[in-house]
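**Student:**
Protein chains: 2
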Amino acid sequence: MTPSEWSMLMDMPPFEKMGREAVRALIRDRPSQSIARGAQIFHQGDPAETFFVIFDGRVKYYRQREDGEEVVVGIARECESFAEMAMFIGGRYPVSAQAVTDGRLIRVDGCALRHAIEQRPELAFDLMAAAAAQLHYLFDQIEQLKRRPTLQRIADFLLELNREQTGGGEIALPYGKALIANHLGMTPESFSRGLSKLRGLGVTVERDRVRIEDTERLENYVND
Amino acid sequence: MTPSEWSMLMDMPPFEKMGREAVRALIRDRPSQSIARGAQIFHQGDPAETFFVIFDGRVKYYRQREDGEEVVVGIARECESFAEMAMFIGGRYPVSAQAVTDGRLIRVDGCALRHAIEQRPELAFDLMAAAAAQLHYLFDQIEQLKRRPTLQRIADFLLELNREQTGGGEIALPYGKALIANHLGMTPESFSRGLSKLRGLGVTVERDRVRIEDTERLENYVND
DNA sequence: CGATCGTTTGATTACGTTCAATCGTTGTGG
DNA sequence: CCACAACGATTGAACGTAATCAAACGATCG
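As you go down the protein sequences, you meet chains W and R in turn.
All residue numbers for the first sequence refer to this note's numbering, where the first residue is 1 and numbers rise by one.
All residue numbers for the second sequence refer to this note's numbering, where the first residue is 225 and numbers rise by one.
#1: Please determine if the region 3 to 20 of chain W and the region 113 to 127 of chain W are in contact, where contact requires at least 3 C-beta pairs separated by less than 8 Å.
#2: Leaving aside the five residues before and after W/Glu213 along the sequence, list all residues of the same chain whose C-beta is less than 6 Å from its C-beta, in chain order.
#3: Please name the residue, chosen from R/Gly262, R/Ala405, R/Ala260, R/Trp230, that lies closest to R/Val247 on a Cα-to-Cα basis.
#4: Just by C-beta distance, which residues in the region 96 to 122 of chain W are closer than 9 Å to chain R?
#5: Return the residues of the region 299 to 314 of chain R that lie within a Cβ-Cβ distance of less than 9 Å from chain W, sorted by chain order.
#6: Can you list, in chain order, the residues of its chain with a C-beta nearer than 8 Å to that of W/Ile75? Leave out the 5 residues immediately preceding and following it.
#7: If we call anything under 7 Å between Cβ atoms a contact, is R/Gly409 one with R/Leu369?
#8: For R/Arg371 versus R/Ser258, is the C-beta spacing smaller than 7 Å?
#9: Pick out whichever of R/Arg377, R/Thr411, R/Arg331 has its Cα sitting closest to the Cα of R/Thr274.
#10: Curious, which full-length alpha helix (DSSP H) runs of at least 4 residues does the region 371 to 396 of chain R contain?
#11: Output the distance between the C-alpha atoms of W/Tyr137 and R/Gly391, rounded to the nearest integer angstrom.
#12: Kindly indicate which residue of R/Thr226, R/Val277, R/Ile341 has the alpha-carbon position closest to the one of R/Glu302.
#13: With a threshold of 6 Å on Cβ separation, who are the neighbours of R/Met311 within its own chain once the five nearest residues in sequence on each side are excluded?
#14: Kindly say whether R/Pro398, judged by its beta-carbon, lies nearer than 7 Å to any beta-carbon of chain W.
#15: Can you name the residues that DSSP bridges to W/Lys225?
#16: Could you give the residue range of the alpha helix (DSSP H) that holds W/Thr215?
#17: Under the DSSP definition of a beta bridge, which residues are partnered with W/Asp140?
#18: Identify each residue in the region 29 to 46 of chain W for which the Cβ-Cβ distance to at least one residue of chain R is less than 7 Å, and report them in chain order.
#19: Tell me whether R/Gln409 sits in a helix, a strand or coil according to DSSP, three-state version.
#20: Throw me the rounded Cβ distance for the W/Ala130 and W/Leu26 pair, which I believe falls under 8 Å.
#21: Answer yes or no: does any C-beta atom of chain W fall closer than 7 Å to that of R/Phe363?
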C-alpha cells in the first residue's frame with residue numbers, strides 16, 4: 001500500500017475518524033491489490049465478508065439475470081467504497097461486482113469493522129451516511145428511469161460527468177459506451193443515436209471525447 | 225399508544241433489543257398519532273429530525289418534480305419503519321411522504337436514537353440491516369424498470385401481493401390503481417390494459433379484488 | 001338526480017428496441 | 001508489413017410497446 005493510498009484512505013469516512021493505528025489494525029494483513037479490467041470481484045449471492053475501497057479504476061455492480069443478461073445498477077470510482085452494507089443483511093452480496101478498468105483496491109474485513117464500531121459507535125454514523133447517500137442516488141435513478149426519456153438521461157449523464165471532471169465542457173467518457181448505455185437503462189444503439197441527436201444542441205463526439213459547446217444550453221434543455 | 229401498538233413496536237428491530245424502558249425513554253412525550261388519507265407527513269427537503277414507525281395504514285414516498293408530477297419510489301405498510309436513514313445525510317429528507325390510507329404511526333426522535341446507539345452500538349447494526357434491505361429492494365426495482373415489460377411487472381406485483389396476503393390467489397389491492405401504476409412505473413391506462421391482458425392467464429379483476437386462478441402458471445409466465 | 005372522481009376503453013402517435021448490415025480501430029499471424 | 005479476424009460503435013429499416021389524447025363508463029357522494 002503506497003503512501004498516497006494511505007492518505008486517500010485516511011481522508012475517507014469512516015477511516016479518518018479512526019486514527020492511523022486503528023485503521024492499520026483493521027486492514028492488517030491485507031495489502032491493496034491490483035485488479036485487471038474484467039476481473040470479477042464478487043458474485044451476487046457470495047457470502048459478504050468484506051467491503052471494498054477503490055484507490056484507482058472503476059467497478060461496476062450489476063445484477064445477473066437468469067437469461068444471462070446483466071443489469072448495471074451502479075458504477076463506483078476511485079476514492080469510493082462499495083458493498084459496505086452487504087455485510088449487514090443475510091451476509092450475501094445482493095449484486096455482482098466486476099472491474100471495468102484496470103485498478104487498485106483494498107478489501108476491508110467486515111468483522112473487524114463491526115468490532116471497531118462496537119468500540120467507537122460514532123463510526124456507525126459514517127456508514128449510515130454512506131448508506132443514505134446510496135439510497136438517495138438510487139431514488140434519483142428510479143425517478144430518471146421512470147419519467148425521463150433517453151435523450152434527457154444521456155444529457156444528464158454528460159453534464160454530471162462534466163461536473164466531476166474539468167467542468168469546462170471537455171469530457172472523457174470513463175468507460176465503454178455499451179456499459180454507459182446499460183447504466184442508463186438503454187441499448188447501445190439508443191445511446192449512440194442519442195449522442196447524435198445531441199449534436200443539435202452543441203455536443204460533439206469523437207471517439208471517447210465529448211465536447212459540450214454551451215453547458216447552459218444543455219442544462220436548460222434537460223430542465224425544460 | 226395502545227398495548228397492541230406497544231407490542232408491535234417491541235417486536236421490531238431495533239426496538240426489541242433495547243428493552244421497554246429504553247424505548248419508553250426514546251419516544252417519551254410523543255404519542256402515536258392518527259393520520260388521514262392524503263395527509264402530508266413530510267416534504268422532500270424538510271429537515272429530517274425524526275423517522276417513523278407505521279402501526280396501521282400505508283404511506284407512499286415519492287419525489288416531486290419541478291413540473292409538479294410525482295414519482296413514487298416506495299410504499300411502506302404497517303409494521304414497517306421508514307426514513308430511518310434520512311437523518312444521517314445532510315439532515316434532509318430526500319423524498320416526500322404522504323399517507324395513502326387512514327392509519328396510525330409514531331415519530332421517533334433522531335437525536336434520541338443517536339444517543340441510544342452511542343450507548344449501545346449493536347443497535348446500529350439493526351439500522352444498517354434495514355438500510356441494506358432497502359438498498360436491496362431498490363436494486364430490484366431498478367432491474368425491473370430497466371429490463372421488464374409492463375405485463376411482467378404487473379404480474380410480479382400481483383404475485384408479491386398474493387404472497388403477502390392469503391397466498392390463496394385471492395388478492396385485495398391495497399390502494400388505488402393509479403398509485404399502483406405510478407409505483408410500477410407506468411400510466412394508469414397501461415396498468416388497466418395490462419390487467420386485461422392477464423385475463424388470458426387466469427387473472428380476473430373486479431373492482432379492487434383480484435383473483436389468480438393458477439398461481440403456478442402466472443409464476444412461470446413471469447420467469448419465462 | 002347530477003357532479004365528481006377513478007377506471008376503462010379506443011385511436012393515434014412516438015419512442016425505443018430489435019435485427020441486420022456497415023464501418024473503423026485494434027490486434028494477430030502469416 | 002499487410003491481410004484478416006475480432007470487437008466496439010454506428011447506421012438503417014421495421015416492429016412493438018407504452019404514452020398520449022380523448023371519450024365513455026361506473027361508483028360514490030352530496
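Glycine residues also receive a C-beta, built at the ideal position from the N, C-alpha and C atoms.
**Tutor:** Put simply:
#1: yes
#2: Gly202
#3: R/Trp230
#4: Arg114, Ile117, Glu118, Gln119, Arg120, Pro121, Glu122
#5: Glu308, Met309, Ala310, Met311, Phe312, Ile313, Gly314
#6: Arg58, Val59, Lys60, Tyr61, Val100, Tyr175, Leu179, His183
#7: yes
#8: no
#9: R/Arg331
#10: 374 to 388
#11: 34 Å
#12: R/Val277
#13: Ala272, Gly334
#14: no
#15: The requested residue 225 of chain W does not occur in the structure, where chain W is confined to residues 1 to 224.
#16: 215 to 222
#17: None, per the DSSP bridge assignment.
#18: none
#19: The question names Gln, but residue 409 of chain R in the sequence shown is Gly. Coil, per DSSP.
#20: Between W/Leu26 and W/Ala130 the Cβ distance is about 16 Å, and since that is not below 8 Å, they are no contact.
#21: yes
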